[in-house]
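Protein chains in written order, with my numbering: chain A, 36 to 188; chain B, 36 to 188; chain C, 36 to 188.
Worksheet: the structure to be examined is printed underneath.
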Amino acid sequence: MMSPEEKLKELGIELLEAPNPLGSYIPILSTGNLVFLSGILPLIQGRLTRQGKVGKEVSLDEAREDARVVTVNALSILKNHLGNLNKVKRCIKVTGYIASEPNFTEQPKVLNAASDFLFEIFGEKGRHVRSAIGVNVLPFNSPIEMEFIFEVS
Amino acid sequence: MMSPEEKLKELGIELLEAPNPLGSYIPILSTGNLVFLSGILPLIQGRLTRQGKVGKEVSLDEAREDARVVTVNALSILKNHLGNLNKVKRCIKVTGYIASEPNFTEQPKVLNAASDFLFEIFGEKGRHVRSAIGVNVLPFNSPIEMEFIFEVS
Amino acid sequence: MMSPEEKLKELGIELLEAPNPLGSYIPILSTGNLVFLSGILPLIQGRLTRQGKVGKEVSLDEAREDARVVTVNALSILKNHLGNLNKVKRCIKVTGYIASEPNFTEQPKVLNAASDFLFEIFGEKGRHVRSAIGVNVLPFNSPIEMEFIFEVS
């Protein structure tokens with residue numbers, strides 16, 4: 036099986052510089068074998084891909100794209116922290132908050148784009164527990180925010 | 036003191052097949068002594084007990100019933116994973132998201148139904164930390180979603 | 036460098052009795068080196084500082100004040116549990132839920148008041164990962180609720 040970084044290369048995905056935190060916190064830290072990441076927004080070169088609520092200004096497909104952007108950002112932050120994604124023993128948990136119109140109830144479909152991507156990159160090690168939550172508004176009017184816990188060896 | 040499974044039997048509660056995840060994630064995993072569960076909905080035989088927001092289509096009492104259904108589902112998933120609920124050393128954390136009308140502010144009363152139930156089944160080992168959060172909408176228009184962390188020996 | 040408790044004293048902050056849980060759960064527990072706290076509201080002597088949504092009844096500055104009140108409550112609970120805040124090895128994670136008008140998107144500015152305060156008290160040990168989430172309503176119509184994970188030695 037290919038390593039996570041070979042797999043990313045094959046998919047043509049480059050892990051760019053990890054985005055800076057948008058407040059007085061840090062993006063990632065380790066405690067024991069667990070690595071906690073802060074809530075991550077779909078930023079590309081410091082700018083949100085788009086703004087608004089899913090089910091209104093943002094479509095399901097756009098939100099799925101954003102979930103993938105967030106996950107690539109998470110992997111950039113993780114690689115920057117660990118040096119090499121091979122050190123990931125397991126993806127433990129993904130919590131996804133979706134800024135939702137009150138009648139939008141397909142939050143799991145949005146997050147499947149992130150979950151499937153993690154499985155694609157890490158194989159069985161990418162399988163995780165997950166919560167999908169709809170909320171009325173997120174920082175900077177972002178359509179999505181996701182946090183991650185990984186286990187390292 | 037009775038074991039958790041004897042206590043469930045005494046209450047006439049049968050742990051049925053654990054509900055399948057409603058997306059590309061897994062329901063439960065262990066890391067070290069901690070066991071993380073995915074966000075769980077009040078499903079009975081694969082169907083939501085009801086839909087809607089608490090304080091509008093769903094009453095406080097119905098939401099409390101749903102919190103208990105979610106907790107029974109969590110115990111089914113946990114027993115399926117561990118083999119025996121006696122392996123539970125402690126319930127660590129419950130996070131409860133309640134789909135709420137903006138003027139419904141009794142989220143803690145909803146979750147007390149789950150917390151009291153965990154205490155009933157596990158005794159002191161069932162006492163946990165908890166967060167109660169109101170949100171505008173949840174997957175499939177579920178009135179409630181809860182996630183759990185347990186410690187095993 | 037001053038100890039966390041010396042620093043609090045210098046700032047004229049007294050850690051009062053830890054607030055009681057507002058439901059059938061416990062405020063704090065330890066598992067391994069991690070200490071989990073329940074969701075905490077901005078209570079002073081058992082009463083909310085104020086009620087309402089940020090961006091409507093509650094201003095940004097008031098919400099920042101509340102974030103600090105919550106953090107002082109967290110430290111009271113933590114000191115009560117540990118005996119001495121010197122046992123804190125690190126603040127791991129802060130999750131902040133802000134009851135928000137749908138057009139209020141400055142949740143990170145609210146939580147910066149808590150993050151900066153933790154850095155002030157604990158120095159580098161106070162730096163943490165964080166998620167900032169907007170929600171439509173919180174228990175008792177509180178404008179803010181925050182949960183914390185600390186690491187102890």
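Every residue gets a Cβ at the ideal spot worked out from N, C-alpha and C, and that includes glycine.
Note that the coordinates shown come from a computational prediction; the quantities given were computed from them, not determined experimentally.
Checklist entry - Residues of chain B with a CB under 8 angstroms from the CB of SER135/A: which are they? => result ASN171 and VAL172
Checklist entry - In its own chain, which residues sit with a C-beta less than 8 angstroms from the C-beta of ASN121/A, not counting the 5 before and 5 after it? => result SER38, PRO39 and GLU40
Next on the checklist: If I follow the unbroken beta strand (DSSP E) through ARG165/A, where does it start and stop?
Outcome noted: 164-170
Item to check | Residues that LEU189/B contacts on chain A, provided the C-beta gap is smaller than 9 angstroms | outcome: In the structure displayed, chain B extends from 36 to 188; residue 189/B sits before or after that span and is not available.
Checklist entry - Can you tell me the Cα-Cα spacing of ARG162/A and GLY58/B, whole angstroms? => result 12 angstroms
Checklist entry - Can you name, in chain order, every residue of its own chain whose Cβ lies under 8 angstroms from the Cβ of PHE175/C, other than the five neighbours on each side? => result LEU57, LEU76, LEU83 and GLN86
Next on the checklist: Is PHE71/B close to chain A? Criterion is C-beta to C-beta, closer than 8 angstroms.
Outcome noted: yes
Checklist entry - Considering only residues of the stretch 78-139 of chain B, which uninterrupted alpha helix (DSSP H) runs meet the minimum length of 4 residues and lie entirely inside it, listed in chain order? => result 95-117
Next on the checklist: I want to see whether chain A comes within less than 8 angstroms of GLN86/C, judged by CB atoms only; does it?
Outcome noted: no
Checklist entry - CB-CB under 8 angstroms to LEU167/C, same chain, minus the five flanking residues each way: which ones, in chain order? => result The question names Leu, but residue 167/C in the sequence shown is Ala. Only GLY131, ILE133, GLN142, PRO143, VAL145 and LEU146 meet the Cβ criterion.
Checklist entry - Do you know how far the Cα of ILE127/C is from the Cα of LEU64/B? => result 21 angstroms
Checklist entry - In chain C, which residues lie less than 9 angstroms from LYS67/A when you measure between Cβ atoms? => result The residue asked about is misnamed: residue 67/A is Gly in this sequence, not Lys. Those within 9 angstroms of GLY67/A in chain C are GLY67, ASN68, LEU69 and GLU186.
Checklist entry - If we cut at 8 angstroms on Cβ distances, does LEU146/C have a partner in chain A? => result yes
Item to check | Which listed residue (ASN171/A, GLU155/A and LYS160/A) has its alpha carbon closest to that of ILE48/A | outcome: GLU155/A
Item to check | Other residues of its chain near GLU180/A: CB distance less than 6 angstroms, five sequence neighbours each side excluded | outcome: GLY74, LEU76, TYR132 and LEU173
Checklist entry - So which of GLU186/B, GLY158/B and PHE183/B has the shortest CA-CA distance to MET36/B? => result GLY158/B
Checklist entry - How far does the alpha helix (DSSP H) with PHE157/B in it reach, from first residue to last? => result 142-157
Item to check | Contact with chain C by PRO143/A, beta-carbon distance below 8 angstroms | outcome: no
Item to check | Partners in chain A for HIS163/C, counting only beta-carbon separations shorter than 9 angstroms | outcome: TYR60, ILE61, LEU64, PHE71 and SER73
Next on the checklist: In the DSSP output, which residue or residues are listed as bridge partners for LEU69/B?
Outcome noted: THR66/B and GLU186/B
Checklist entry - Can you name the residues that DSSP bridges to ILE75/C? => result MET181/C
Checklist entry - For ARG103/B, which residues from the same chain have a beta carbon less than 6 angstroms from its beta carbon, with the 5 sequence-adjacent residues on both sides left out? => result ALA148 and PHE152
Checklist entry - Exposed or buried, which one is ASN108/B when buried takes at least 16 other CB atoms within 10 Å? => result buried
Checklist entry - Which residues bound the alpha helix (DSSP H) around PRO39/B? => result 39-45
Item to check | Spatially closest choice to LYS88/C from LEU51/B, LYS160/B and ASN138/B, by CA coordinates | outcome: ASN138/B
Checklist entry - Can you list, in chain order, the residues of the stretch 82-115 of chain C whose Cβ is nearer than 8 angstroms to any Cβ on chain A? => result none
Item to check | Helix, strand or coil at ASN176/A according to DSSP, with G and I counted as helix | outcome: helix
Checklist entry - Mind pulling the chain C residues with CB within less than 9 angstroms of PHE183/B? => result The premise fails here: PHE183/B is roughly 12 angstroms from chain C at the closest Cβ pair, so nothing lies under 9 angstroms.
Checklist entry - Does the beta-carbon of ASN171/C have 16 or more other beta-carbons within 10 angstroms, so that it is buried, or is it exposed? => result buried
Item to check | Short Cβ contact (8 angstroms threshold) for LEU69/C with GLU186/C | outcome: yes
Next on the checklist: Assuming the contact rule is C-beta atoms closer than 8 angstroms, PRO178/B and VAL93/B should be a hit. Round their C-beta distance to whole Å, please.
Outcome noted: 4 angstroms
Checklist entry - Should ASN166/B be flagged as near chain C, meaning a C-beta pair shorter than 8 angstroms? => result For the record, residue 166/B in the displayed sequence is Ser; it is not Asn. Chain C contact via Cβ: present.
Item to check | Backbone CA spacing between TYR60/A and GLN80/B [nearest angstrom] | outcome: 43 angstroms
Next on the checklist: Assuming the contact rule is C-beta atoms closer than 8 angstroms, LEU72/A and PRO62/A should be a hit. Round their C-beta distance to whole Å, please.
Outcome noted: 7 angstroms
Checklist entry - In whole angstroms, what is the alpha-carbon distance linking LEU199/B and GLU100/B? => result For chain B, the structure presents residues 36 to 188; residue 199/B sits outside this window and is missing.
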